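Okay, structure first, notes after.
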Amino acid sequence: MGLSHLIQRSITKKLIPSKPSNIISSSWFLADTTAKSFDLSGGSNGAKIISFDDNDSLKISKSSYHVSSGGFMRGVVFWEPNKPVTIEEFQMPRPKAGEVLIKTKACGVCHSDLHVIKGEIPFPSPCAIGHEITGEVVEHGKLSDRKTIEREMGHDDLCEDFFAYNRSKGTLYDGETRLFLRNSGKPISMYSMGGLAEYCVVPAHGLTILPNSLPYSESAILGCAVFTAYGAMAHAAQVRPGDSVAVIGVGGVGSSCLQIARAFGASDIIAVDVQDEKLEKAKTFGATATINSKIEDPIERIKEITGGRGVDIAVEALGKPLTFSQCTQSVRDGGKAVMIGLAQAGAIGEIDINRLVRRKVQVIGSYGGRARQDLPKLVKLAESGIFNLADAVTRKYGFEEAGKAFQDLNQGKIVSRAVVEIM
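Just so we're aligned: the sequence shown equals residues 55 to 477 in the numbering used here.
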């Protein structure tokens, strides 16, 4: 959800040769100091990534990998709140230094985009939406300079430039969009990379290789739903074996939290929602108990399940004042209440200050994971089957159905996560 909206949500599968017209030849990179000699393509047109040397200069082998320029593509555009999104034709976007052009294969359907579509979170419009993608690298800009590499080290999820440029202006890090309408040339803002499109430009240090054993469609959710859940459970909550965990709101991100909690060895895993269908599905993700908060008081029921203590960790994945309060009241003394749900702009969560102070309750915000260290781990979790991608994706839409996908999400018709297939 954080910086991952912009640079962490692209998972590339392989490099492919492009059409022979207007040939451009150059090298590309992944800004990952742990990288060691990867062949990223099965043919002679592949680029090879070599690790940093002792002086932290990036070494990349020469290749005959070529790309083409020109042409146009289609993308989904949000124009104004509560109006239908449309599919528009764009000039083919061009990557700049440290960026790559991705041929998009699939894009997840996320509430973050829905918040923008409904006008609940301010964002420059018109804008291209979509941020949770898989695809193939088809073009690359120049090598990034050292500043680009250093800027994102450490807490990627707290990147100031992401908020200053993308979330405030709808641009990439140079303050410019890469998207222009085909006929008029009108600039279009980018919500993250504007990934609900046939092609998109992404900073190269936000890519992770997707193995052939994993499918494009289901794997798209690794870049946001699973990525956000992992950041919350690994970094904010720091789940340990034997911990008791409650997840309030088990949609795409919340259900991913259940799977991550199970993978980390949590004991009691409690799913809270208002839809029985989602709660039933939650059991397949590792929930040991479920609570329909329309029928039962979730706070009291959680305390019953935990012998009156409350859970070690409660996660709020909806972004509602009510569920914020439920989350803080569901944890034990000294427990952690982790907030990952985005709310309508201006929404306020209330908390009992005396309990917060006297009982040392920890309230923690989490806005995603850390791209270069977390995404490769998520790929391994999915490849090993520890994280079940097939069960996590419950609906698939065609590219022309993107508008319907967000309508269904808004109406609560999607259990867990949906993806739009663009292949």
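Just so you know, even glycine gets a beta-carbon here, dropped at the ideal spot from N, CA and C. As the structure is a computational prediction, the values presented were derived from the model and not from experiment.
- For a cut-off of 8 Å, the C-beta gap from Ala371 to Cys311 is around 7 Å, short enough to register as a contact.
- Non-local beta-carbon contacts of Asp462 in its own chain, meaning distances under 6 Å to residues more than five positions away in sequence, involve Ile468 in chain order.
- When C-beta atoms of the region 430 to 449 are compared with those of the region 131 to 150, fewer than three pairs fall below 8 Å, so the two segments do not count as touching.
- The Cβ neighbour count for Gln380, taken over all protein chains shown within 10 Å, is at least 16; the residue is labelled buried.
- It is roughly 12 Å from the alpha-carbon of Val256 to the alpha-carbon of Leu233.
- Beyond the five residues adjoining it in sequence on each side, Thr140 comes within less than 6 Å, by CB distance, of Val131 in the same chain, given in chain order.
- Around the beta carbon of Lys159, 16 or more other beta carbons sit within 10 angstroms, so the residue counts as buried.
- Within the model, the alpha-carbon separation for Gly340 versus Ala368 is close to 15 Å.
- Rounded to the nearest angstrom, the gap between the Cα atoms of Ala288 and Ala315 is 9 Å.
- Here Gly248 is near Ile183, since their CB atoms are less than 8 Å apart.
- About 5 Å separates the beta carbon of Val473 from that of Gly162, a gap short enough to meet the 8 Å contact definition.
- Boundaries of the alpha helix (DSSP H) around Gln313: 306 to 317.
- Segment contact: the region 279 to 287 against the region 219 to 228, fewer than three CB-CB distances shorter than 8 Å; contact not assigned.
- Contact annotation, Gly395 with Lys414: C-beta distance approximately 23 Å; criterion of less than 8 Å not satisfied.
- Per DSSP, Leu410 is one residue of the alpha helix (DSSP H) stretching across 407 to 412.
- In this structure, the alpha-carbon of Glu358 lies about 50 Å from that of Ile156.
- Pairing His185 with Cys164 gives a Cβ-Cβ distance under 8 Å.
- Beta-bridge analysis with DSSP links Glu134 to no other residue.
- Within the DSSP secondary-structure output, Glu153 pairs in a beta bridge with Pro257.
- In this structure, DSSP gives Cys161 an extended state, which the three-state scheme calls strand.
- The DSSP-derived three-state label of Lys374 is coil.
- Remark: three or more beta-carbon pairs, one from each stretch, lie closer than 8 Å, so the region 422 to 430 and the region 288 to 302 are flagged as touching.
- Between Glu174 and Gln383, the gap from beta carbon to beta carbon reaches 8 Å or more.
- Taking C-alpha positions only, Glu334 is separated from Glu454 by approximately 31 Å.
- Annotation: Ser470 to Ser321 spans about 22 Å, alpha carbon to alpha carbon.
- Scanning the region 223 to 308 for uninterrupted alpha helix (DSSP H) segments of 4 residues or longer gives 270 to 273, 279 to 284, listed from N- to C-terminal end.
- By the Cβ neighbour-count rule, Phe177 is buried, with 16 or more other Cβ atoms within 10 Å of its own.
- By a beta-carbon distance limit of 8 Å, Ser243 contacts Cys181. Their separation comes to about 4 Å.
- When DSSP states are grouped into helix, strand and coil, Lys332 belongs to the helix group.
- In the displayed model, Glu454 falls within a helix according to three-state DSSP.
- By the neighbour-count criterion, in which a residue is buried when 16 or more other Cβ atoms sit within 10 angstroms of its Cβ, Arg355 is buried.
- Under the DSSP assignment, Gln398 falls outside any alpha helix (DSSP H); it carries neither an H nor an E label.
- The DSSP-derived three-state label of Asn346 is strand.
- Around the beta-carbon of Gly277, 16 or more other beta-carbon atoms lie within 10 Å, marking it buried.
- Between Val191 and Val299, the C-beta gap is not smaller than 8 Å, which leaves the two residues out of contact.
- Under DSSP, Ile418 shares a beta bridge with Val392.
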